[in-house]
Amino acid sequence: KIKQKKINLKDTLQHPWVTYPPEYYLNESISEAYKNAMLDAPNSVSYFATPGQIFNFAAQTGVCTALPMSFVVAHNQDGIMKQALLEPGISFDLSFVFRKGKDQIPRISNFLKEIDNYLREEDYISRLTKINKK
1 KIKQKKINLK
11 DTLQHPWVTY
21 PPEYYLNESI
31 SEAYKNAMLD
41 APNSVSYFAT
51 PGQIFNFAAQ
61 TGVCTALPMS
71 FVVAHNQDGI
81 MKQALLEPGI
91 SFDLSFVFRK
101 GKDQIPRISN
111 FLKEIDNYLR
121 EEDYISRLTK
131 INKK
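Numbers 1 to 134, taken from the UniProt record's numbering, label the letters of the sequence shown in order.
Structure below.
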């Protein structure tokens, strides 16, 4: 496993940020983490709706941001952006949502089983890292 650099939440406040709009779930999760650490939320100089827009703006302007690790691993092949894990970490759960009863359809049931098997063999971040090293 790759050892990641870590940065304390309070040390991120010295830099301007680009973030999701205030009403977006991920932005609320980030703000809540700062609030729980008794810190003000980062100063956002701009808002964008997608991680790609946020990543590109940060790369072009040099401001900081917080994005899902899987997105950064998949899109930072040339290494123009440096990354560090936030301390304490910020996590959020995602769920695969589908209509009731769909998991009873054989092809959907098989799809869900195959995803489980796929991730059991090797985690998503490791797979993205391998792909980007090619």
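Don't be surprised by glycine CBs; every beta carbon is placed ideally from N, CA and C.
Source: prediction; values computed, not measured.
Residue range 106 to 121 is occupied by the alpha helix (DSSP H) that includes Tyr118.
Inside the UniProt domain "LysR substrate-binding" (4 to 116), DSSP marks whole alpha helix (DSSP H) runs of 4 or more residues at positions 25 to 36, 51 to 61, 69 to 75, from first to last along the chain. The stretch 87 to 106 makes contact with the stretch 17 to 37, as at least three CB pairs between them are under 8 Å. The way I'd put it, the stretch 118 to 133 doesn't touch the stretch 97 to 110; fewer than three beta-carbon pairs between them come closer than 8 Å.
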